[in-house]
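One structure is given below, encoded as structure tokens.
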Amino acid sequence: MSFSPGLEGSWVLNNATGFRKIYIAAGYTDLRRGIDGLASIIKFNFQLDPYEKDILFLFCGRRSDRIKGLVWEGDGFLLLYKRLELGGFSWPRTKEEALEITPEQYQALMKGLEIISRHPIQEVYPQDLL
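Residue numbering for the sequence shown follows the working numbering, starting at 428 and increasing by one per position.
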């Protein structure tokens, strides 16, 4: 079995190194979909190229304890699946779009932390307070 640079077997979904970009599909995805179904979501729903090398696309179903990842390795797709035994992923559910996230956000997501604040802190200008 061959993995892309930076992908070390079972650590694939715990380590974001080796990926140039990481996208998450916000909202719900039917995880019964396979490679072709997920690739079509990437292409037609998000207008992104599923054949771009070293890009990780992540999907989460209604149950937040499992995710799928799809990566094009240049000679074929790698389909990744992770199911947590305890807990769940804090997945953004409100938008039906692909969100590019940073490696730091990815690490937070893998730890079950919220990566997109529901109530972001807004900057306040002193003249607005008077």
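A virtual CB, placed ideally from N, CA and C, is assigned to each residue, including glycine.
Enumerate in chain order the residues of its own chain whose CB-to-CB distance from T456 is below 8 Å, with the five nearest sequence positions on each side excluded.
L465, I468, F486, C487, G488 and K495, listed in sequence order.
Chain B contact for I451 (CB, 8 Å cutoff)
The structure shown contains no chain B, having only a single protein chain.
Going straight from the alpha carbon of Y533 to that of D463, what length do you get?
If you take the alpha carbons of Y533 and D463, they lie about 24 Å apart.
Rank D476, G514, K448 and S517 by C-alpha distance to the C-alpha of L483 and give the top, closest one.
Of D476, G514, K448 and S517, the residue nearest in Cα terms is K448.
CA-to-CA distance, G454 to T418, given in whole angstroms:
Beyond the ends of the chain as shown, which are 428 and 557, falls residue 418; an answer cannot be given.
Is the beta carbon of K509 less than 8 Å from the beta carbon of R493?
Contact flag set, yes.
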